[in-house]
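Visitor: First the structure, which I've put down as structure tokens, then a few questions once you've had a look.
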Amino acid sequence: MAKKKVKAKMSGVFYRRPAPEEPAYCEVGDVVKKKQVLALLETMKVFQKVKSTADGKIVEILAENEQPLKDGDVMFIIETD
């Protein structure tokens with residue numbers, strides 16, 4: 331099984347859910363599709379969707395909710411077939 335990293339394409343604050351009262355977009359163990367929304371990155375009140383780079387299973391979530399990230403930081407590890 332190959333593992334793919336989902337990296338931040340810009341600096342910003344990482345959010346695992348669309349709103350504080352909403353459930354997280356994904357959890358460890360979830361099966362995801364390529365281009366599925368996994369999280370949000372916010373910079374200067376602009377939210378960018380973080381999308382899966384491949385079909386597979388989330389095996390690790392490295393970023394914490396509301397954590398500031400830099401361009402290139404790894405947020406997720408996805409195991410592919």
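Heads up, the sequence shown is in the working numbering, so the first residue is 331 and it goes up one at a time.
Positions of the beta carbon are idealized from the N, C-alpha and C atoms, including for glycine.
The structure displayed is predicted, hence computed values, not measured ones.
Tell me GLU390's beta-bridge partners as DSSP assigns them.
Guide: In the DSSP output, where bridge partners are listed per residue, GLU390 has ILE407.
Visitor: Quick one: grab the DSSP three-state call for VAL358.
Guide: The answer is coil: DSSP assigns VAL358 none of H, G, I, E or B.
Visitor: Considering ALA349, what are the terminal residues of the beta strand (DSSP E) in which it resides?
Guide: ALA349 -> no beta strand (DSSP E), and no H or E assigned at all.
Visitor: Among PRO398, THR410 and GLU390, whose alpha-carbon lies nearest the alpha-carbon of TYR345?
Guide: The shortest C-alpha separation from TYR345 is found at PRO398.
Visitor: Alpha carbon to alpha carbon, what distance is there between VAL358 and ILE391?
Guide: Taking the straight line joining both Cα atoms gives about 7 Å.
Visitor: Can you pull the DSSP bridge partners for LEU399?
Guide: DSSP, once it has assigned bridges, lists GLY342 as partnering LEU399.
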